[in-house]
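The structure appears below as structure tokens.
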Amino acid sequence: MNPGLRFLLRREAIGRMRATGRRLRTPRGAVGALGIALFLVAIGYGRVVRALYPEAAPAPLVDAAGVRELGPLVLLVFAALNALAGRGLYFRPAEIAVLFPAPLSRRELVAYNALAHARLAALSALWLSVLFQVRDARWPAVLAGAFLALLFVQVSSQLASVVAAWLAERVRPAARLCLLGLALLLALVPAWPPAAAAAAGGAGAVAAAIAGSPVLRLLAAPARPSLELLLATELAPALAWGAAALAVVLALVEAIARLDVAYAEAAFKRSRAVERTRARMRSGGGTLAGARASARLRIPRLPRLGGAGPLAWRNGLELVRNLRGVLSMVLVMGIVVASAVLAPALAVEDPERRALAARLGVGIVVMMSIVLTQNFAFDFRRDLDRMAALKALPIPSAAVAAGQLAAAALFTTLLQLAGILLVAAATGALPARSLVALALPLPALSWAAVCVDNAIFLLWPIRSVPEDPGDMGFLGRNMAVMALKVALLGLLAAGAGLAAIHGARRTGGGALAVGALALASLALAGVPLLRLVAWAFERFDVSRDVPA
Amino acid sequence: MIEVRGFTKAYGERVAVRELAFSVGAGEIVGLLGPNGAGKTTTLRSLAGILRPSAGELRVGGFDVVREPLEAKRRLALVPDDPALFTSLSVWEHLVLTAELYALAGWEERAGELLAGLELSARRDDLADELSRGMRQKLCVACALLHEPGALLLDEPLTGLDPRGIRTLYAALRRQAAAGSAVVVSSHLLAQIEALCTRFLVLREGRLLFDGSKQEIAARLPALRGDVSLEEVFFEATEGTAAGDGGR
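Residue numbers (the working numbering), protein chains in the order written: chain F, 1458 to 2005; chain R, -15 to 232.
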């Protein structure tokens, strides 16, 4: 490899370690580290209990058979998603500016790209080996196997992108679509009968049946060595599978280097697209801002309402114009709820089980909407780079806050309502009275969640995407913010409940009175929460508080 | 040093550059002019081997950029429009990296001279992250000049530079041209580039409209009389009218 590339890899690794050290010395970095520590303690606690009381502790969910059955398919899907997102051929702007015009061969660039991603793969493998325990597996083998599996995903997604570029140079778009459809048919048609037969067994059985498709098994075969290494319990097979996994990665690198394609151009185009997406995400809006907006959709103008109306209209407009991203998130939420709660409940005719599933489903919908507000930031978080413009508006800060938060709160409410209706329709276990009782507090709850989110953000601003893919402090900060948000909302709910019980005791009302008073308390809490956000907005200093 | 023959670049159905042909000799400083979307950046990126031409031939120092990319790239340098640098490398480490990439020997003295010439000596140990845009631009130029390229391609190099920075950059480019490099500069800052270049290539919608000195181009435009500015030549050449007459 070119000595310059070796120098760059070495210096970047050292530079990043130093930067992490510098970050940890800042208050924000310290809070991030605290979040990671809390997370590790939570994970480590389970591990310690399992080590001390192996009989009492539940066995790990993942076993060797499951890894062998579904693992290769999962890696294949990750590689495909990585390739579709353009990450396979991604080079940073500095790499394009400095390395692409330099006298470097394609093999050197491909190897550099793989090695540059190896650092991230090592970090991710460390996380995965701590998070997911495989029954009877040894930790070092899991770590090494996960590392090589992630490296395989990176290099194979790069190969997929290069093959796509090769096809793009030779085949017309319509013919490419036909080829893709044919490939999917070849892969999935043989799996259809066993998948249909396994439908009664739940999502896991269907996935296993699909993974058993001959074409998919053949395609996913190169992923097997890294997974066998992950499961190895003896040194000799671990070394053999490790060597095989490494050989697969090297073979893929060689295949990329040999394919007759404009590699630099393909990588340049992909990287530019990824950078544009990252820029949209960094400027606010979180992961949903990654999707390109459509200008076709419109919403009616709102009355001025002291200045809040135009701001709410603008946020609403951005929201509907990013519906593709929003809907994909709703789809993910729907799939999670359906596969985790509804499918098992619908498989049996047991009213009690259906009622339990309905309650669980409603709980998940409400909680997920609160958790997922991190990702549809159509509020102050979207305007991190426009805070100066917001502060310069001739509008009272409370009106600015109301206008900024209205769209997000309304959308959260609608999302929750849709989810609850879906659960009710699927289970048939939620009577109309329960639906009304559940729907009434949703606007106040969503408003409170969005207010808390934005108050935390304005007092402690962080970008909604990491500075780079290996920014572990970002993960820690998000963990800390989530913990704080859940704690504050819990306190708020507890306060509303206590106030309601106290009020009901004094007035001698029943359960209906408690519910009405709790709802009123929650709704009234929205006013001081809005004041809190307005105050946080007033004290936000654009010269000091906008993160890099 | 730079030869372009029948160069065409298409992105799908859209043709960005069509049948472009020109050459730049050693010691020449050529300005690449044209409105947005004229194909200037595409031409420079293709010459640098980043984009593959759809048709035609691009040669640097006698080597075909597509068939002999490594030989061609050893003889060229590209300063991109956005001065993207490695955030965790210092100013000096960028020069170390460049020297390693191009396998240079005994480069330290020249690197020191370049830093001094571009007024970066005092920032030698600062991280790229800590530099202003203008300084990052100058560091890109220093890296580009380190291996003494036969062909130097600069895409909008004046953006972000203060008047002193522009003067410093001009001096560096003139020195490089005097040392035998072929320099191609693309810029929208016509008043500034006028003083630097001796010859201009005017592009519009991917086609070469004019190739020559300011006077030669003006002589081919009947609407222009007397001593005209490059801006007037540009508007007359690209729009058929001296629309940018704010200075007249």
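Beta carbons: idealized from backbone N, C-alpha and C, even for Gly.
Given the structure is predicted, the values throughout are model-derived calculations rather than measurements.
In three-state DSSP terms, what is residue i?
i	result
Gly1885/F	coil
Leu42/R	strand
Ile1852/F	coil
Ala87/R	coil
Asp1842/F	helix
Ala1708/F	helix
Ala1617/F	helix
Gly228/R	Low confidence applies to Gly228/R: its pLDDT is 39, below 50, so where it sits in the model is not reliable, and the reading given next is rough at best. In this structure, Gly228/R counts as coil in the three-state DSSP scheme.
Asp1593/F	coil
Phe218/R	helix
Leu111/R	strand
Ser1562/F	coil
Ser213/R	coil
Ser116/R	coil
Ser72/R	coil
Arg1576/F	helix
Glu52/R	coil
Asn20/R	coil
If you follow the beta strand (DSSP E) that residue i is part of, which residue opens it and which one closes it?
i	result
Arg1526/F	The question names Arg, but residue 1526/F in the sequence shown is Glu. Note, Glu1526/F: premise wrong, no beta strand (DSSP E); alpha helix (DSSP H) at 1521 to 1541.
Ala61/R	60 to 63
Val167/R	166 to 170
Arg191/R	191 to 196
Phe(-9)/R	-14 to -5
Ala1470/F	No beta strand (DSSP E) contains Ala1470/F, which is instead part of the alpha helix (DSSP H) from 1460 to 1481.
Ala135/R	135 to 139
Looking at the secondary structure, which residues open and close the alpha helix (DSSP H) in which residue i lies?
i	result
Glu3/R	Not the alpha helix (DSSP H): Glu3/R falls in the beta strand (DSSP E), residues -2 to 8.
Glu1552/F	1550 to 1556
Asp1910/F	1899 to 1916
Ala207/R	Careful: Ala207/R lies outside any alpha helix (DSSP H) and carries neither H nor E.
Leu28/R	24 to 31
Ala156/R	147 to 162
Leu2043/F	Coverage of chain F is limited to positions 1458 through 2005, which leaves residue 2043/F absent and any answer about it impossible.
Ser1683/F	1681 to 1688
Ile1756/F	Element bounds for Ile1756/F: n/a, residue is neither H nor E.
Val1777/F	1765 to 1778
Ile177/R	174 to 178
Leu98/R	92 to 101
Ala1632/F	1630 to 1645
Val1718/F	Counting along the chain, Val1718/F falls outside any alpha helix (DSSP H), and DSSP gives it neither H nor E.
Ala106/R	Premise fails: Ala106/R is in no alpha helix (DSSP H) and is neither H nor E.
Looking only at DSSP bridge pairs, what is residue i linked to?
i	result
Val1731/F	Paired residues: none, contrary to the question.
Gly15/R	Val169/R, Phe184/R
Asp47/R	For the record, residue 47/R in the displayed sequence is Phe; it is not Asp. For Phe47/R, which the question treats as bridged, DSSP gives the partners Val44/R.
Ser1891/F	The partner list for Ser1891/F (beta bridge, DSSP) is empty, contrary to what the question assumes.
Closer than 7 Å by C-beta to residue i: which residues in its own chain qualify, once you throw out the five before and the five after it? Chain order, please.
i	result
Ala1859/F	Ala1765, Leu1987
Trp91/R	Ala83, Leu130
Lys(-7)/R	Ala0, Val1, Thr26, Ser30, Leu35, Pro37, Ser38
Val1524/F	Val1591, Leu1684, Leu1687, Leu1688
Gly1960/F	Leu1974
Can you name, in chain order, every residue of its own chain whose Cβ lies under 6 Å from the Cβ of residue i, other than the five neighbours on each side?
i	result
Leu1643/F	Val1672
Gln1861/F	Leu1768, Asp1836, Phe1837
Ala1866/F	Ser1903, Trp1904, Val1907
Gly1472/F	none
Ile1667/F	Ala1648, Ala1652
Glu(-13)/R	Ser7, Arg43
Phe184/R	Gly15, Leu17
Gly1876/F	Val1822
Identify, in the order they occur along the chain, each residue of the same chain with its Cβ nearer than 8 Å to the Cβ of residue i, setting aside the five sequence neighbours on each side.
i	result
Phe218/R	Leu17, Leu174, Val186, Gly228
Leu1457/F	Examination of residue 1457/F is not possible in this model, given that chain F is present from 1458 through 2005 alone.
Glu108/R	With the sequence shown as reference, residue 108/R is identified as Arg, and Glu is not the correct amino acid for it. If we look at Arg108/R and ignore the five residues flanking it on each side, its Cβ neighbours are Ser74, Val75, Trp76, Leu99.
Ile177/R	Gly15, Leu17, Leu142, Val169, Ser171, Leu214
Asp48/R	Glu41, Leu42, Ala56
- Segment contact flag, the stretch -4 to 3 of chain R with the stretch 163 to 170 of chain R, C-beta cutoff 8 Å, min 3 pairs: The stretch -4 to 3 of chain R vs the stretch 163 to 170 of chain R: no contact.
- Task: Spell out a yes or no on whether the stretch 25 to 36 of chain R and the stretch 1983 to 1997 of chain F are touching, meaning 3 or more CB-CB pairs, one atom from each, closer than 8 Å.
- Result: With a cut-off of 8 Å, the stretch 1983 to 1997 of chain F and the stretch 25 to 36 of chain R do not count as touching, because too few Cβ pairs lie within range.
- Query: Do the stretch 73 to 87 of chain R and the stretch 1459 to 1469 of chain F meet, that is, are 3 or more Cβ pairs less than 8 Å apart?
  - Reply: Output reads yes: the stretch 1459 to 1469 of chain F touches the stretch 73 to 87 of chain R.
- Counting pairs of beta carbons, one from the stretch 1689 to 1705 of chain F and one from the stretch 1605 to 1613 of chain F, are three or more of them closer than 8 Å? As far as the Cβ criterion goes, the stretch 1689 to 1705 of chain F touches the stretch 1605 to 1613 of chain F, which means the pair count is three or higher.
- Task: Would you check if the stretch 66 to 76 of chain R and the stretch 197 to 214 of chain R touch, i.e. whether three or more CB-CB distances between them fall below 8 Å?
- Result: Between the stretch 197 to 214 of chain R and the stretch 66 to 76 of chain R there are fewer than three inter-stretch CB-CB distances shorter than 8 Å, so the stretches are not counted as touching.
- Query: So, do the stretch 136 to 153 of chain R and the stretch 75 to 85 of chain R have three or more beta carbon pairs nearer to each other than 8 Å?
  - Reply: Inter-segment contact for the stretch 136 to 153 of chain R and the stretch 75 to 85 of chain R is absent: fewer than three beta-carbon pairs are separated by less than 8 Å.
- Query: Should the stretch 1715 to 1724 of chain F be regarded as contacting the stretch 1616 to 1627 of chain F, the criterion being three or more beta carbon pairs within less than 8 Å?
  - Reply: Output reads yes: the stretch 1616 to 1627 of chain F touches the stretch 1715 to 1724 of chain F.
- Task: Specify whether the stretch 1811 to 1823 of chain F and the stretch 1878 to 1891 of chain F touch according to this definition: at least 3 beta carbon pairs, one from each stretch, less than 8 Å apart.
- Result: Proximity of the stretch 1811 to 1823 of chain F to the stretch 1878 to 1891 of chain F meets the contact definition, three or more beta-carbon pairs being nearer than 8 Å.
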